[in-house]
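Below is one structure, written out as structure tokens, with a few remarks after it.
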Amino acid sequence: MMLVYKVIHLAGVMMVFLGFGGLIVRGLLDQDNKKLRALGSATSGIGLLLLLVSGFGMVARYGFSYVDAWLIVKYAIWLALGALTTVANKKPELGVRLWWGILVLGIVAAISGVYKY
Ligand code: HEM
Numbered sequence: 000m001m002l003v004y005k006v007i008h009l010a011g012v013m014m015v016f017l018g019f020g021g022l023i024v025r026g027l028l029d030q031d032n033k034k035l036r037a038l039g040s041a042t043s044g045i046g047l048l049l050l051l052v053s054g055f056g057m058v059a060r061y062g063f064s065y066v067d068a069w070l071i072v073k074y075a076i077w078l079a080l081g082a083l084t085t086v087a088n089k090k091p092e093l094g095v096r097l098w099w100g101i102l103v104l105g106i107v108a109a110i111s112g113v114y115k116y
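The sequence shown begins at 0 in numbering that gives the first Met the number 0 and counts up by one.
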């Protein structure tokens, strides 16, 4: 059961970054493309939802404390990624900074998830 949550968690990670890639590329091309915006927004949005559900599923199953420092880091990153989807759509000129910035956030989330500190 725990492994299912893990696979869903990782699928969520893939979807968030795939979706962000689409949204950032759309902004950098400097062309409105409604299909790409819808695809990127839906993929990253569903990915964030999967991360949240599977993440709390694992916390409950493993019996972690909900307020451990590494989990608070993850909550903050999750909130930041959600807010940054809007930034990707509204501020296309920030695309390159977002590109590298969300990568750093993803790596910090991975470190906190794997090492749990
Ligand atoms: C509310 C948000 C989140 C919660 C509650 C959460 C919870 C967890 C938990 C409990 C683990 C440990 C899994 C294990 O030891 O088996 C984990 C691992 C991990 N998380 Fe999250 N997470 C959240 C958000 C994120 C985000 C936003 C990302 C990436 C952008 C992320 C990426 C990872 C990765 C890469 C791992 C390690 C792989 C794994 O063991 O599944 N998580 N997370």
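Built from N, CA and C at the ideal position, the CB exists for glycine as well.
Neighbour-count burial assignment, residue i, 16 or more Cβ in a 10 Å radius
| i | result |
| --- | --- |
| Tyr4 | buried |
| Met14 | buried |
| Val66 | exposed |
| Ser64 | exposed |
| Ala108 | buried |
| Leu28 | exposed |
| Leu48 | exposed |
| Val86 | buried |
| Leu83 | buried |
| Leu97 | buried |
| Ile139 | Missing from the structure shown is residue 139; the chain here goes from 0 to 116 and no further. |
| Ile23 | buried |
Euclidean distance between Cα positions of residue i and residue j
| i | j | result |
| --- | --- | --- |
| Ile76 | Leu104 | 6 Å |
| Gly56 | Gly62 | 10 Å |
| Gly26 | Ile7 | 29 Å |
| Ser40 | Ile106 | 21 Å |
| Met1 | Trp69 | 19 Å |
| Ser111 | Gly18 | 22 Å |
| Gly44 | Val52 | 13 Å |
| Leu80 | Gly46 | 11 Å |
| Arg60 | Glu92 | 42 Å |
| Gly21 | Leu50 | 19 Å |
| Val113 | Lys73 | 12 Å |
| Leu9 | Asp31 | 30 Å |
| Trp99 | Lys90 | 15 Å |
| Leu38 | Val58 | 30 Å |
Span of the alpha helix (DSSP H) around residue i
| i | result |
| --- | --- |
| Lys90 | First-last for Lys90: undefined, no H or E at that position. |
| Ser53 | Lys33 to Tyr61 |
| Val6 | Met1 to Leu28 |
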